[in-house]
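> The structure that follows is given in the form of structure tokens.
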Amino acid sequence: MVMDIVNALQGIVLECCKHPYGCRVVQRVIESVDYDCVTELLQVIEPHSLDLTEDQYGNYVVQNVLERGYPNDRHNILQQIKGNIVRLSMGKYSSNVIEKCFKFATPNERQQILEEIYQNNGILQMMQDQFANYVVQKIIEAIDSLEREKIVELFIKPNLSILKKVTYTKHILNLLETLDDTHL
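Each residue of the sequence shown is one higher than the one before, starting from -17 at the first, in the working numbering.
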């Protein structure tokens, strides 16, 4: 029965990922079917991760693969969205995918994400955005104290007077104040 669903998804999986009910079917298949049976579906989904990440339904499928897939699946998705982390963090749907990317990334992949958001002060843009500020909060909660201090020293302290005036940034500043190892 379940394999019939997997077989039926062949050739239409991308359309299903972008459909309000179809995305749920794809997610249930990923959750309940043996990994070897869904590998072909994942090989179709992963190259389209960037597009699906920005889709109101497709983003749920990408999040599901990040949570339940193998490390190579997570790596493939990260490769697709690399170079777009800051922009995607500011999207209503894609910001949730970026949170999951960081949560399930390897230490090396996390470092790559951090380096990308540090470029051109991307993290400052993220802190001031209605969706991306949540991504920054999750990152701050997940990183070690040295990396947090780096963010504070390089990005927050030099811009503190501006950041204090931004509604979304206040959540980040409050979070940093609750962490014992950070000094604003």
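The C-beta atom is built at its ideal place from N, Cα and C for all residues, glycine as well. Since the structure is predicted, the reported quantities are computational estimates derived from the model, not experimental observations.
Hey, out of 76, 64, 108 and 39, whose CA is closest to residue 93's CA?
64
> Tell me where the alpha helix (DSSP H) around residue 91 begins and ends.
89 to 100
> Looking at the secondary structure, which residues open and close the alpha helix (DSSP H) in which residue 40 lies?
40 to 50
> Can you find the residues in the same chain that come closer than 7 Å, C-beta to C-beta, to residue 112, ignoring five residues on each side of it along the sequence?
150.
> Per DSSP, what kind of secondary structure is residue 1 in: helix, strand or coil?
In the structure shown, the three-state DSSP call for residue 1 is coil.
> State the Cα-Cα distance for the pair residue 29 and residue 143, rounded to the nearest angstrom.
42 Å
> Please classify residue 114 as buried or exposed, where buried requires at least 16 other C-beta atoms within 10 Å of its C-beta.
buried
> Compute the distance between the beta-carbons of residue 117 and residue 80, then report whether it is under 7 Å.
With respect to the 7 Å criterion, residue 117 and residue 80 are classified as neighbours on the basis of their beta carbons.
> Hey, how far is the Cα of residue -16 from the Cα of residue 127?
46 Å
> Which whole-angstrom value describes the C-beta separation of residue 24 and residue 51, a residue pair presumed to lie in contact below a C-beta threshold of 8 Å?
Contact flag correct, Cβ pair sits at about 7 Å.
> By alpha-carbon positions, which one of -12, 108 and 36 ends up nearest to residue 137?
108
> Who are the near neighbours of residue 60 in its chain, counting only those whose CB is closer than 7 Å to its CB and skipping five residues on each side?
83, 87 and 91
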